[in-house]
Structures are given as structure tokens and as C-alpha cells.
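Trainee: Below: one structure in C-alpha cells.
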DNA sequence: CTCAAATATTGATACACATCAAGATCACTT
DNA sequence: AAGTGATCTTGATGTGTATCAATATTTGAG
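Protein chains in written order, with our numbering: chain A, 44 to 293; chain B, 44 to 293.
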């Protein structure tokens with residue numbers, strides 16, 4: 044079959060064959076642990092981090108109620124976090140891309156409240172929390188950085204709350220696309236052409252919409268020439284237009 | 044005017060005339076800073092905490108974009124936190140009752156993203172973050188407790204996200220009432236009879252509903268004898284029924 | 001106490017999104 | 001390559017909540 048991708052540029056493959064995996068040479072270290080540490084400090088951080096085999100699509104990184112042991116940085120791939128509510132159904136609470144950290148919900152009661160599942164084959168750096176805590180005593184900057192990560196999670200979730208409280212289906216989808224766009228951009232990937240790692244079902248669940256509404260909204264955004272979509276491929280054709288829609292303009 | 048309150052028991056007035064204000068004798072210290080500290084440690088914590096004049100209804104504790112300096116524990120009264128979204132309108136992100144801590148959003152970028160406003164006259168304990176950080180180095184338990192506070196904020200917000208994503212108006216209102224009920228209960232106040240500190244507008248904003256829907260939902264819950272409401276007074280008459288509704292039963 | 005402004009209630013109607021239903025396309029498995 | 005189940009799209013219809021509108025009640029000021 045010929046390539047008929049709507050995304051012209053070839054997709055940057057995450058190279059998992061770094062000569063030597065270490066925080067020092069990881070190209071994500073400006074996002075993940077952007078602490079201005081000395082070389083030996085980075086080395087110390089590097090030593091506590093464990094890198095297991097890649098997670099395949101659909102595999103769990105951890106499950107709700109598992110004992111909290113570690114936080115995890117996504118090195119490549121993508122994952123979703125979800126909780127099970129009282130009535131039994133799932134709620135996707137977030138998508139996490141390379142350089143981002145999951146597991147911060149685990150500190151509250153010493154067990155995770157979310158389950159985390161790979162959306163595609165993903166490499167993960169495990170950061171045992173006990174060791175991180177010890178290291179933090181010596182490295183106040185690391186300590187502070189960790190607090191910032193948590194605080195950012197809080198403010199990000201407040202944005203989601205605002206989105207779910209007020210925004211139309213169109214604004215919700217637009218916001219999600221812009222969020223992914225921004226995050227890709229900070230990882231030096233294209234801000235306008237990318238693959239969605241998650242299914243329509245996941246998007247709908249996350250944004251409080253049915254998959255039919257998600258599908259129709261994508262169709263409408265395409266018809267109005269704001270984006271082009273083909274399955275999981277997305278091309279943002281009118282960033283400003285999308286930003287207007289995300290704000291609630293019509 | 045005769046008292047025609049639907050709440051039989053007299054409301055527990057927050058006594059602000061403790062013989063001497065200190066974390067050691069604060070009756071909220073099991074909620075606010077439930078760290079098993081030695082007496083001298085509590086004393087140290089106590090020393091860094093500042094207690095200003097009470098905040099009157101409508102007054103700001105801090106405003107979005109103010110430089111982050113402190114976190115704040117509510118000692119009496121109640122406050123709301125809110126953000127302003129891109130399109131300019133407010134989003135109430137949370138209500139905070141005595142023993143609860145606000146300001147954790149400020150760490151992300153060294154300025155607050157929320158504004159916090161008193162819903163009624165409130166006494167607040169200011170905890171300068173720099174001092175807290177210093178003290179934490181000596182008291183690992185305090186450090187850990189602070190991380191737990193943040194993590195709890197994260198998991199609580201995820202519950203709100205789940206609520207806003209799926210739940211009906213009735214389930215949202217039921218959840219809020221149960222949340223306040225539980226929190227009152229942990230403060231040794233009545234779990235079934237209390238005053239709502241916030242307006243219908245605030246409730247609607249927080250839960251992603253219009254005030255008309257809030258009003259109608261209260262009316263419906265009253266008609267089905269699950270609660271009794273009169274303005275801000277609430278009496279939960281059927282806790283189990285309310286829990287069922289919160290879960291999405293009909 | 002009286003008035004004005006803010007807040008809350010209640011009713012009638014409209015609409016955005018859910019639900020129901022049918023097909024289409026994709027991605028595995030054999 | 002064919003078959004099967006998962007995922008996605010598109011259409012027709014229904015419904016919960018928003019919106020619009022009018023009135024009632026409460027709160028605060030003078």
C-alpha cells in the first residue's frame with residue numbers, strides 16, 4: 044500500500060538505542076528533571092533510576108490499590124491513567140507523553156488511586172520514591188522540583204475541571220489537540236502534525252463525551268478546515284482558529 | 044423573629060477565643076498537620092505560623108498571579124478558590140473548610156494560579172513556605188505530610204473530573220453534599236445537618252451547572268425526601284439514598 | 001422601616017449532546 | 001488471503017440541562 048498519510052513529514056521515531064541510557068544524555072532531561080544539577084548530582088539521580096523492559100500496548104504500569112513505591116517518567120511512547128469510580132465505570136484522568144511523570148497520586152495513602160496503561164509500546168524510567176526522598180535531602184533543588192511537578196499536576200487538573208465544567212464538545216476537543224500540540228512542541232516534535240496515541244473511546248472518556256460526539260466533532264473541525272484528521276493522524280491547519288474554538292468562540 | 048430553622052441542633056460556633064492560639068492546642072491539628080511530632084517539634088512548627096486578622100466575607104486571601112510565598116490553613120470559616128479561564132470567566136476550583144490547606148497551586152511557577160476568597164468571616168493560619176521547607180529538612184515526617192497534602196489534592200481533583208465527566212446534575216449535587224458531610228464529620232461537626240457556606244452561583248459554577256439547575260435539583264431532592272433544604276441550611280434525611288444518587292442510581 | 005440590589009425560585013422553550021441503530025473500516029488471527 | 005472482533009463513522013431520534021423570562025425572597029444601606 045502506498046503512503047497516503049496526511050502528515051507530510053516523516054514521523055520522528057523514538058530511538059530507544061541510545062548508546063548508554065542515562066539522565067545525563069537523555070534528550071528529555073529538560074522536561075523530565077530540569078534541575079540545574081552538577082554532573083555528579085545527575086549521576087546520583089541516574090543511579091537510582093531503573094529502566095525495565097518496554098511496556099507493550101495495553102499492559103499495565105501499575106494498578107489502582109497497588110502499594111506506592113515509585114514514580115515513573117515516560118521515556119518513549121504514551122500512557123493513560125484512569126480511576127474506577129464507585130459505580131464501577133472507568134474515568135480516564137490523564138494522558139502522559141515522553142518526559143512526563145506519573146504516579147504522583149500514590150503518595151496520598153501510600154497506594155495508587157489510578158491504574159496506568161500503555162497506549163503504545165513505551166519505555167519507562169522507574170524512580171523509586173524512597174531513594175528519591177533520600178537524595179532530595181542532599182539536593183534541595185531536586186526536592187523543590189518534585190514539589191513543582193506535583194503542583195503542576197494540580198494546576199493542570201484544574202484546567203481540565205474548568206474545561207469539563209463549561210466547554211462545548213468542540214472546545215474540549217480543540218483544547219486537547221492544543222495540549223498535545225504544545226507538549227509535542229516542547230519535546231521538539233511537530234506542533235502541527237502528529238499521531239494521537241489514544242483511541243476515540245479514551246478521548247471521549249477523558250473529555251466527558253461519547254465516542255459518537257468525538258467522531259462528529261473531528262468531522263466538523265475537518266469540514267471547517269481547522270484541522271485534517273485521518274484516523275489517528277492529525278494536522279492542525281489553523282492554529283489560531285483552533286485556539287479561538289478552545290476558548291469558546293463560535 | 045422566631046427560629047424556624049430546619050436544623051434542630053444549634054450550630055457549633057467556631058470559637059476564636061482560644062486561650063492561646065497554637066498548633067499544640069488547636070482542635071484541628073488532627074486534620075491540618077496530623078504529623079506525629081514531638082512537643083518541641085510542634086512548637087517549632089507553631090513558631091513559623093502567622094495568624095493575621097480574620098478575613099471578612101468577599102475578601103481575598105490572595106489573588107491569581109500573586110507571588111507564591113505561603114500556604115494557608117483554614118482555621119475557621121470557609122473559602123473558595125477560583126481561576127480565570129482564557130475566555131475571561133471564572134471557574135470555582137474548590138471549597139476549603141477548617142483544617143484544610145490552600146495555596147498548593149502556587150508552587151508550580153512561583154505564583155498562584157487561583158484566587159482565594161472568603162465565603163464568610165474566616166480565620167487563616169499562614170505558613171510561609173520558605174520556613175516550612177527549612178523545617179522540613181529537619182523533620183522528614185513534616186516533609187512527607189506536605190507531599191501527602193499535595194497528593195490528596197491531586198486525587199480529590201481527579202474525583203471532581205470524574206464527576207464532571209459523567210455524572211447527572213442530581214449526582215453532582217449529591218456528591219457535593221456528601222463531601223461536605225464527610226468533611227464536617229471529620230471535624231466533629233454534624234454529618235447530617237449543616238449550613239452551606241457558598242451561594243447557589245458558586246455551587247453551579249463548581250459543578251458545571253446553571254443556578255437554575257442547582258435550585259431545581261435541590262427542590263427535587265427535597266421532594267423525594269432525601270434532604271431538607273432551606274436556603275443555606277441542609278438536613279440530610281436519607282444518607283444511603285443520597286449515596287445511591289451520587290453513584291448514579293435513579 | 002423602606003428601598004434597592006443581589007440572590008434564589010419556578011415555569012416555558014430550545015438545543016447540544018446522548019442514545020439507538022446500522023454500516024464501514026481497521027487490525028489481528030489463522 | 002479470508003474471517004472475526006474491535007474501532008470508528010454517520011444518521012435518526014430523544015432527553016437533560018441551558019436559556020429565556022418572570023417573580024419571589026433575602027440582604028444590606030440609609
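Beta carbons: idealized from backbone N, C-alpha and C, even for Gly.
(1) Going along the chain, which residues of the region 238-267 of chain B sit with their C-beta nearer than 8 Å to a C-beta in chain A?
(2) Should the region 86-93 of chain B be called in touch with the region 152-161 of chain B, which here means at least 3 C-beta pairs below 8 Å?
(3) When the Cα atoms are used, what is the spatial distance from residue 214 (chain B) to residue 288 (chain B)?
(4) For residue 143 (chain A), write down the residues that DSSP places opposite it in a beta bridge.
(5) Find out if the Cβ-Cβ distance for the pair residue 150 (chain A), residue 111 (chain A) is shorter than 8 Å.
(6) Decide if the region 256-263 of chain A is in contact with the region 128-144 of chain A; the criterion is three or more beta carbon pairs, one per stretch, under 8 Å apart.
(7) List the DSSP bridge partners of residue 137 (chain B).
(8) According to a CB-to-CB cut-off of less than 8 Å, which residues of the region 120-140 of chain A neighbour chain B?
(9) Run through chain A and tell me which residues come within less than 9 Å of residue 221 (chain B), C-beta to C-beta.
(10) For residue 220 (chain B), count the other beta carbons within 10 Å of its own beta carbon; 16 or more makes it buried, fewer makes it exposed. Which is it?
(11) Return the residues of the region 200-217 of chain A that lie within a Cβ-Cβ distance of less than 7 Å from chain B, sorted by chain order.
(12) What span of residues does the alpha helix (DSSP H) with residue 229 (chain B) cover, start to end?
(13) Can you name the start and end residues of the alpha helix (DSSP H) that residue 245 (chain A) belongs to?
(14) Looking at chain B, is there any beta carbon in it that lies within less than 8 Å of the beta carbon of residue 190 (chain A)?
(15) Is residue 103 (chain A) near residue 158 (chain A), with beta carbons less than 8 Å apart?
(16) Straight-line CA distance for residue 124 (chain A) to residue 160 (chain A)?
(17) Which same chain residues end up closer than 7 Å to residue 217 (chain B) when comparing Cβ atoms and leaving out the 5 residues on each side of it in sequence?
(18) 8 Å is my cut-off, CB to CB: does residue 196 (chain B) come that close to chain A?
(19) For residue 83 (chain A), does the three-state DSSP call read helix, strand or coil?
(20) Does the count of Cβ pairs from the region 92-109 of chain A and the region 160-178 of chain A closer than 8 Å reach three?
(21) Along chain A, which residues have their Cβ under 7 Å away from the Cβ of residue 290 (chain B)?
(22) What residue range is occupied by the uninterrupted beta strand (DSSP E) comprising residue 158 (chain A)?
(23) With 8 Å as the threshold, decide whether the Cβ of residue 295 (chain A) is near any Cβ in chain B.
(24) On the criterion of 16 or more Cβ atoms from any shown chain inside 10 Å, does residue 283 (chain A) qualify as buried, or is it exposed?
(25) To the nearest whole angstrom, what separates the beta carbons of residue 226 (chain B) and residue 166 (chain B), a pair I think is in contact under 8 Å?
(26) Report yes if the C-beta distance between residue 162 (chain A) and residue 97 (chain A) is below 8 Å; otherwise report no.
(27) Measuring straight from C-alpha to C-alpha, what distance separates residue 178 (chain A) and residue 176 (chain B)?
Mentor: Put simply:
(1) Residues passing the 8 Å Cβ filter: 248, 249, 250, 251.
(2) Contact fails: fewer than three Cβ-Cβ distances are below 8 Å.
(3) Here residue 214 (chain B) is taken as the residue at index 171 of the second chain, counted from 1. Here residue 288 (chain B) is taken as the residue at index 245 of the second chain, counted from 1. In a straight line, the C-alpha of residue 214 (chain B) is about 5 Å away from that of residue 288 (chain B).
(4) Walking along the first chain from the start, residue 143 (chain A) turns up at place 100. Beta-bridge partners of residue 143 (chain A) (DSSP): none assigned.
(5) Counted from its first residue, the first chain places residue 150 (chain A) at position 107. Counted from its first residue, the first chain places residue 111 (chain A) at position 68. By the CB criterion at 8 Å, residue 150 (chain A) and residue 111 (chain A) fall inside the cutoff.
(6) Verdict: no, contact absent.
(7) Reading the second chain from its first residue, position 94 is the one you call residue 137 (chain B). Residue 137 (chain B) pairs with B:124.
(8) Those would be 126, 128, 129, 130, 132, 134, 136, in chain order.
(9) Numbered from its first residue, the second chain carries residue 221 (chain B) at position 178. Within chain A, no residue has its CB atom less than 9 Å from the CB of residue 221 (chain B), the nearest being about 11 Å off.
(10) Translated into the one-based positions of the second chain, residue 220 (chain B) becomes position 177. Its Cβ being crowded by 16 or more others within 10 Å, residue 220 (chain B) is buried.
(11) Listed in chain order, the positions of the region 200-217 of chain A with a beta carbon within less than 7 Å of a beta carbon of chain B are 200, 201, 203, 204, 205, 207, 208, 209.
(12) What you label residue 229 (chain B) is simply residue 186 of the second chain in a count that begins at 1. Here the alpha helix (DSSP H) through residue 229 (chain B) covers 212-229.
(13) To locate residue 245 (chain A), count along the first chain from 1; it is residue 202. From DSSP, the alpha helix (DSSP H) with residue 245 (chain A) extends over 243-250.
(14) Counting from one through the first chain, the residue named residue 190 (chain A) turns up at place 147. In terms of beta-carbon proximity, residue 190 (chain A) lines the interface with chain B, with at least one pair separated by less than 8 Å.
(15) Walking along the first chain from the start, residue 103 (chain A) turns up at place 60. Walking along the first chain from the start, residue 158 (chain A) turns up at place 115. Yes, the Cβ-Cβ distance between residue 103 (chain A) and residue 158 (chain A) is below 8 Å.
(16) Stepping through the first chain from its first residue, residue 124 (chain A) is reached at position 81. Stepping through the first chain from its first residue, residue 160 (chain A) is reached at position 117. One Cα belongs to residue 124 (chain A), the other to residue 160 (chain A), and the distance between them is close to 7 Å.
(17) By 1-based counting over the second chain, the position of residue 217 (chain B) is 174. 285, 288, 289.
(18) The residue given as residue 196 (chain B) occupies position 153 in the second chain. It does: the Cβ of residue 196 (chain B) has a partner Cβ on chain A nearer than 8 Å.
(19) The count along the first chain starts at 1 and reaches residue 83 (chain A) at position 40. It is helical.
(20) Touching, per the Cβ criterion.
(21) For the purposes of this step, residue 290 (chain B) is identified with residue 247 of the second chain, where counting begins at 1. Simply 129, 130.
(22) Here residue 158 (chain A) is taken as the residue at index 115 of the first chain, counted from 1. It spans 158-161 - the beta strand (DSSP E) in which residue 158 (chain A) sits, taken as one unbroken run.
(23) As shown, chain A starts at 44 and ends at 293. That puts residue 295 (chain A) outside it, with no answer to give.
(24) Taking the first residue of the first chain as position 1, residue 283 (chain A) is located at position 240. Residue 283 (chain A) should be labelled exposed.
(25) Here the question's residue 226 (chain B) lines up with position 183 in the second chain. Here the question's residue 166 (chain B) lines up with position 123 in the second chain. Not a contact, Cβ separation roughly 17 Å.
(26) Mapped onto the first chain, residue 162 (chain A) falls at position 119. Mapped onto the first chain, residue 97 (chain A) falls at position 54. No. Outside cutoff.
(27) Here residue 178 (chain A) corresponds to residue number 135 of the first chain, with the count starting at 1. Here residue 176 (chain B) corresponds to residue number 133 of the second chain, with the count starting at 1. One alpha carbon belongs to residue 178 (chain A), the other to residue 176 (chain B), and they sit about 15 Å apart.
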